[in-house]
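To start, the structure itself, in structure tokens.
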Amino acid sequence: MFDGLAISKDTALCDEYLGKYPVIFISFKDVDGLRFDNARSNLINKIGTEAERFSFLLDSNHISQNEKDKYSALISLEKGEYTMNETMLSSSLNLLSSLLYKHFNKKVIILIDEYDVPLDKAFKNGYYKEMVALIRSLFGQALKTNDSLFFAVLTGCLRVSKESIFTGLNNLKVLSITDTRFDEHFGFTEDEVRRMFSDYEIEDHLKEAKEWYDGYRFGEEDVYCPWDVIYYVDRIASDPDAKPEAFWINSSGNDLVKRFIDKADASTRSEIERLISGDMIEKKVRLDSAYDELDSTIDNLWSVLFTTGYLTQKGMGEDGSYKLVIPNREEREVFIDQIEVWFKEKIRNEKMPMSELLCSFLSGDAEGVERRLNIILNQSISILDTKAKDGEKENFHHELLVGLLKSEDNWLVLSNGESGDGYADIIIEPDDLDKGMVIEVKYAQSFDNLEKRSEEALSNKGQTIYRTPL
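Residue numbering for the sequence shown follows this note's numbering, beginning at 927 and increasing consecutively.
Right, here's the structure in full:
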């Protein structure tokens, strides 16, 4: 695995450590379930599968028959499922490390990846207290007063509060998102990305990569998201015309942003607007999270967005607050998408304004359309409108109108459909085929230019537009 890498050149280090310690490695990534029983079964499966890697323990001359029986209980199967009960599960890592220590006469390294996922899923699905008790017992026995342990490393997106699951563990060294130790190792640096793009001879895509995937700050180092960069380079290597995509974001559910948008009041929505437009806001944040306190105040959600990478910091204020920004275009798209989901849900729940808007369209009441559209967009348009640059805002309003008009199930709404000798931005055919509407969308940067742009829309460049029913 390490051949040809820089670490392999450190022969003294490799001679002392490479392959010299028994290692227990478990990822909690898939410890999930709608109910506690499901999640616990997934955790049992993870630990049972890892324990089976050490089946040589059954033939070891260094452990007793009684200890072998205990090991057998860890890997015992019934109808394809591991049979260990919760008591055995809680002691499983402690037992396994003890047996490995006796067999090898070397203390054990325990690596646990995404340790916070079970707690996150439990919080969302309503069995948080049960999962906290299980994880606390598992970690307490494996990491506290375990004489067989050399060291352990736990990694995750959220720094879970010590009071939640690490009670009594006083020897933890915490490396958070603000820590300067190893800060450059949490992502790709600017030099590393430039070298990578040079190696693949795709330097002309560097600007796009920086806009989409750079901007994360760990300690004092700015880094790119490695997941995104690797996927983007791989895509361009096979298709030079490929455009950047939200590779990392699309691998997660973005439930935190959705939760945040749902909780946002008018003041918070204004702050979101500023962030999306590229501004900076100052917030005091907690670097550890107690999930059961997450919804108690919007400040907790600000903190979680920061510690999970949806926001990053550009320094600190004199009062200890962090100067928060959205790191890049990929993250900005997440906020915009979730705001649009929230907006559409709000529209669906407010039937009267939408009904009046559609009636105004149907009757050709331009003033009514303007008045009711303003009412609907009043709370949200300033946030949503920051999605596009001036040259692209026409497209945004086009998409927004299409979404609003399609709320009427009995209307046929066509967007950018070919019609006659040209294309119309939006064509609407209500149930009554004797009536129809054609909408041309134009964007003006100032009120002074609005009349001219409207005349351009009405002139339609001499195109003939017609539709016949299918």
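Every residue gets a Cβ at the ideal spot worked out from N, C-alpha and C, and that includes glycine.
Every value quoted in this text rests on a predicted model; they were computed, and no experiment measured them.
Rounded to whole angstroms, the separation of the alpha carbons of His1111 and Ala938 is 22 Å. For secondary structure counted as the alpha helix (DSSP H) over 4 or more consecutive residues, the region 1162 to 1216 holds these complete runs in sequence order: 1181 to 1189, 1192 to 1202. Annotation for Phe951: Leu1037 place their beta carbon closer than 6 Å to its own, counting only its chain and skipping 5 residues before and after.
In this model, Ser934 and Met1122 are separated by some 20 Å (Cα to Cα). If the five residues before and after Leu1025 are omitted, its C-beta is found closer than 7 Å to the C-beta atoms of Leu983, Ile989, Glu993, Tyr997, all from its own chain and listed in chain order. Here Lys996 carries a helix assignment [DSSP, helix/strand/coil]. Residue pairing of Val1251 in beta bridges, as defined by DSSP: Thr1238.
By alpha-carbon distance to Ala1135, the top candidate from Gly1145, Ala1350, Val1119 is Val1119. Assignment of beta-bridge partners to Ser1341 by DSSP yields Ile1352.
Here Glu1334 has Leu1284 as same chain residues with Cβ atoms under 7 Å from its own Cβ, once five neighbours each way along the sequence are excluded. Under the DSSP assignment, Val1364 falls in the beta strand (DSSP E) whose first and last residues are 1363 to 1365. Per DSSP, Tyr1142 is one residue of the beta strand (DSSP E) stretching across 1142 to 1144.
The DSSP assignment places complete beta strand (DSSP E) segments of no fewer than 3 residues inside the region 1113 to 1145 at 1142 to 1144, in order along the chain. Close CB contacts of Gln1239 within its chain, under the 8 Å cut and outside five residues either way in sequence, are with Thr1104, Arg1143, Phe1232, Tyr1248, Lys1249, Leu1250, Val1251 (chain order).
CA-CA distance, Glu1137 to Pro1170, rounds to 9 Å.
Membership of Ser967 in the alpha helix (DSSP H) is indicated by the continuous run 962 to 978.
Put simply, the region 1001 to 1017 does not touch the region 1035 to 1050. Fewer than three CB pairs are less than 8 Å apart. Taking C-alpha positions only, Ala1350 is separated from Leu1384 by approximately 11 Å. Beta-bridge annotation (DSSP): Val949 is paired with Ile1035. If you draw a 10 Å sphere on the C-beta of Ser1222, you find fewer than 16 other C-beta atoms in it, and that means exposed. Assignment of beta-bridge partners to Thr1081 by DSSP yields Asp1039. Annotated as distal: Thr975 and Asp1039, with beta-carbon spacing of 8 Å or more. Here Glu1244 carries a coil assignment [DSSP, helix/strand/coil].
Bounds of the beta strand (DSSP E) holding Glu1147 are 1147 to 1149. Straight across, the Cα-Cα distance linking Ala977 with Lys1055 is about 27 Å.
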